[in-house]
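What follows is a single structure, written as structure tokens, with notes after it.
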Ligand code: NAD
């Protein structure tokens with residue numbers, strides 16, 4: 001299987017190669033096959049991408065939002081028409097099953113282009129401020145050249161979630177995908193230009209943690225939006241802050257999902273499984289600490305085990321496959337190390353914990369895993385694992401579970417399952433998280449702001465809120481009479 005792009009980078013409307021950059025392989029996680037060979041960006045490539053973005057941005061910002069929106073909506077249409085091809089590429093890039101990518105990846109990217117393309121004409125207005133004769137007005141102005149840096153779990157979605165609001169607001173973007181998933185963003189760039197985006201406005205360059213700082217520290221970059229781990233977030237936010245650049249940080253989590261005795265049991269189990277096993281558990285907002293009230297613990301665990309053991313693991317390109325491999329050998333090893341820690345610290349391994357049967361030996365597969373009797377201080381309950389490992393903890397009372405759920409440095413997401421409407425709202429109100437779900441989990445439509453609190457980050461993606469993070473306000477005071485000067 002090959003997915004070799006014409007060149008490593010996409011700059012100023014064209015594919016660009018620079019073989020002086022460190023060569024690296026793109027690997028299909030299901031088989032370990034090398035599907036493409038690319039080169040990381042050299043400083044010259046970084047400069048070229050940022051210069052192209054800077055050159056193109058002024059004219060783009062001068063266009064009407066409606067005209068910019070028309071191009072983004074066209075890109076959304078192209079993405080939907082080519083959904084199968086893009087989904088297959090996403091599967092090759094990530095190893096996620098086609099069953100998922102066909103409904104969740106290019107489609108959610110297209111949603112972002114459609115949403116921001118559609119709302120732009122009304123959402124970028126300013127205010128008129130009457131001052132009794134004089135008046136003032138505000139304008140929402142673009143920031144300039146924005147950098148996007150992506151994680152490997154949703155490469156196409158991240159490329160679009162950052163690109164769409166940045167572009168519609170009149171900015172140019174230089175996007176660096178994760179070194180593990182370099183392919184999807186190149187296709188997004190191609191499609192944007194096919195849709196009519198002028199050259200230089202959406203550039204993709206490759207590289208890893210040594211390339212990122214070249215972008216973040218570049219003098220012509222006004223903003224950085226990162227999707228990644230808390231550790232990387234601290235570095236990137238620190239570097240950006242020292243130069244007073246704008247930042248959006250979409251970081252990691254260890255989110256709580258609380259199931260009360262009165263919840264619809266099958267629905268809560270379904271939510272917990274989706275919130276731990278989708279994308280082989282590589283989802284930042286996953287509800288990895290599942291707090292189950294003691295009255296339903298036994299029934300919850302027995303049905304959870306039964307349903308988890310039926311998950312179909314295998315070749316991601318087969319429509320029936322529900323769980324693919326992990327992104328890389330390094331990530332797989334990390335997850336197995338956490339499983340060993342869970343056992344050593346006394347959690348009960350309810351199911352999984354090993355390598356599944358009947359999968360390619362070179363693939364980075366792991367069984368969906370559930371630990372029961374997990375306690376708050378165990379490592380697996382405190383640290384983000386980023387794999388298909390669910391921790392089930394039990395609790396007695398509402399106040400107790402809220403305090404324990406909030407007892408983490410993270411604050412990305414949280415969920416509650418209960419049939420008591422008042423309790424659902426009370427609990428959602430008290431949980432410290434950027435996104436909360438009541439009686440469902442992990443839905444992130446473009447209309448709803450998405451982002452974290454505490455160490456999970458700041459800024460929001462999606463919704464009109466994202467536009468605030470890609471623009472700044474300019475206030476214009478207009479005098480209607482001559483200046484009254486005491487001098
Ligand atoms: P990572 O932090 O290792 O890497 C993220 C990106 O940052 C990569 O492109 C990487 O090359 C780049 N990078 C690394 N060091 C850098 C530096 N010093 N300067 C600039 N760029 C640098 O994360 P990952 O392993 O790719 O992804 C997994 C993490 O991402 C998890 O913690 C997960 O929770 C988080 N994540 C968050 C969200 C969200 O929306 N909140 C979504 C997906 C993933």
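In the working numbering, the protein residues as written are 1 to 487. Just so you know, even glycine gets a beta-carbon here, dropped at the ideal spot from N, CA and C.
Count the other CB atoms within 10 Å of the CB of residue 533; is the residue buried (16 or more) or exposed (fewer)?
The structure shown does not extend to residue 533, since the chain is modelled only from 1 through 487, so no value can be given for it.
Under the DSSP definition of a beta bridge, which residues are partnered with residue 414?
On the chain shown, residue 414 is found 414 positions in, with the first residue counted as 1. In DSSP, residue 414 forms a bridge with 436.
Quick check on residue 146: does DSSP put it in helix, strand or coil?
Mapped onto the chain shown, residue 146 falls at position 146. Looking at residue 146 - three-state DSSP - the assignment turns out to be strand.
Under the assumption that residue 51 contacts residue 183 (Cβ atoms under 8 angstroms), give the Cβ distance between them as a whole number of angstroms.
In the chain shown, the residue the question calls residue 51 occupies position 51. In the chain shown, the residue the question calls residue 183 occupies position 183. Actually they are not in contact, since the Cβ atoms of residue 51 and residue 183 sit about 25 angstroms apart, beyond 8 angstroms.
Do residue 296 and residue 261 count as a contact pair if the criterion is CB distance below 7 angstroms?
Stepping through the chain shown from its first residue, residue 261 is reached at position 261. Stepping through the chain shown from its first residue, residue 296 is reached at position 296. Cβ atoms of residue 261 and residue 296: closer than 7 angstroms.
Going straight from the alpha carbon of residue 465 to that of residue 451, what length do you get?
Along the chain shown, one-based indexing puts residue 465 at 465. Along the chain shown, one-based indexing puts residue 451 at 451. Those two C-alpha atoms are separated by around 10 angstroms.
Contact check, residue 470 vs residue 201 under 8 angstroms by CB: the rounded distance?
Residue numbering aside, residue 470 sits at position 470 when the chain shown is read from its first letter. Residue numbering aside, residue 201 sits at position 201 when the chain shown is read from its first letter. Not quite, the Cβ-Cβ distance comes to about 13 angstroms (not below 8 angstroms), so this is no contact.
Taking 6 angstroms as the cut-off, is the beta-carbon of residue 182 closer than that to any non-hydrogen atom of the ligand NAD?
Counted from its first residue, the chain shown places residue 182 at position 182. No, the Cβ of residue 182 stays beyond 6 angstroms of every heavy atom of the ligand NAD.
The alpha helix (DSSP H) with residue 176 in it runs from where to where?
Position 176 of the chain shown holds residue 176. Counting along the chain, residue 176 falls outside any alpha helix (DSSP H), though it belongs to the beta strand (DSSP E) covering 172-176.
Closer than 6 angstroms: is that where the CB of residue 327 sits relative to any heavy atom of the ligand NAD?
Here the question's residue 327 lines up with position 327 in the chain shown. For residue 327, the shortest separation between its Cβ and any heavy atom of the ligand NAD does not lie below 6 angstroms.
Any idea if residue 348 is buried or exposed, counting beta-carbon neighbours within 10 angstroms, 16 or more meaning buried?
As a working mapping, residue 348 is identified with position 348 in the chain shown. Exposed: under 16 other Cβ atoms inside 10 Å.
So the alpha helix (DSSP H) residue 276 belongs to, where does it begin and stop?
Locating residue 276 in the chain shown gives position 276, where the first residue counts as 1. First-last of the alpha helix (DSSP H) with residue 276: 265-277.
Which of the three DSSP states is assigned to residue 483 in this structure?
Here residue 483 refers to the residue found at position 483 of the chain shown. Coil.
Mapping the DSSP letters down to three states, classify residue 469 as helix, strand or coil.
Against the chain shown, residue 469 aligns to sequence position 469. Residue 469: coil per DSSP, three-state reduction.
Answer with buried or exposed for residue 514, where buried requires no fewer than 16 other C-beta atoms within 10 angstroms of its C-beta.
Since the first and last residues shown for the chain are 1 and 487, residue 514 lies out of range.
Residue 404 lies in the alpha helix (DSSP H); which residues open and close that run?
In the chain shown, the residue the question calls residue 404 occupies position 404. That run of the alpha helix (DSSP H) goes 398-405.
Could you give the distance in angstroms between the alpha-carbon of residue 455 and the alpha-carbon of residue 413?
Position 455 of the chain shown, counted from the first residue, corresponds to residue 455. Position 413 of the chain shown, counted from the first residue, corresponds to residue 413. Distance between the alpha carbons of residue 455 and residue 413: 12 angstroms.
Along the chain, where does the beta strand (DSSP E) that runs through residue 425 open and close?
As a first step, residue 425 is located in the chain shown; it is residue number 425 there, counting from the start. Here residue 425 belongs to no beta strand (DSSP E); instead the alpha helix (DSSP H) covers 421-430.
Check each candidate in 442, 46 and 449 and name the one with the smallest Cα separation from residue 287.
Locating residue 287 in the chain shown gives position 287, counting from the first residue. The residue with the shortest Cα to Cα distance from residue 287 is 442.
How many Å lie between residue 353 and residue 340 at the Cα?
On the chain shown, position 353 is the one that residue 353 refers to. On the chain shown, position 340 is the one that residue 340 refers to. Each residue's alpha carbon lies about 9 angstroms from the other.
Just the Cα atoms here: how many angstroms apart are residue 331 and residue 151?
Along the chain shown, one-based indexing puts residue 331 at 331. Along the chain shown, one-based indexing puts residue 151 at 151. So the alpha carbons of these two residues sit roughly 13 angstroms apart.
Which word fits residue 134, buried or exposed, when buried means at least 16 other C-beta atoms lie within 10 angstroms of its C-beta?
Position 134 of the chain shown, counted from the first residue, corresponds to residue 134. Label assigned to residue 134: exposed.
Quick one: grab the DSSP three-state call for residue 1.
Position 1 of the chain shown, counted from the start, is the residue given in the question as residue 1. DSSP places residue 1 in coil when its eight states are reduced to three.
How many Å lie between residue 21 and residue 95 at the Cα?
Position 21 of the chain shown, counting from 1, holds the residue named residue 21. Position 95 of the chain shown, counting from 1, holds the residue named residue 95. So the two alpha carbons sit approximately 26 angstroms from each other.
Between residue 213 and the ligand NAD, is there a pair consisting of the residue's CB and a ligand heavy atom that are separated by less than 6 angstroms?
The sequence position of residue 213 within the chain shown is 213, counting from 1. Answer for residue 213: yes, Cβ within range of the ligand NAD.
Taking residue 436 and residue 415 to be in contact with their CB atoms under 8 angstroms, please state how far apart those CB atoms are, rounded to whole angstroms.
As a first step, residue 436 must be located in the chain shown, where it is residue number 436. As a first step, residue 415 must be located in the chain shown, where it is residue number 415. Approximately 7 angstroms separates the beta-carbon atoms of residue 436 and residue 415; this is inside 8 angstroms, confirming the contact.
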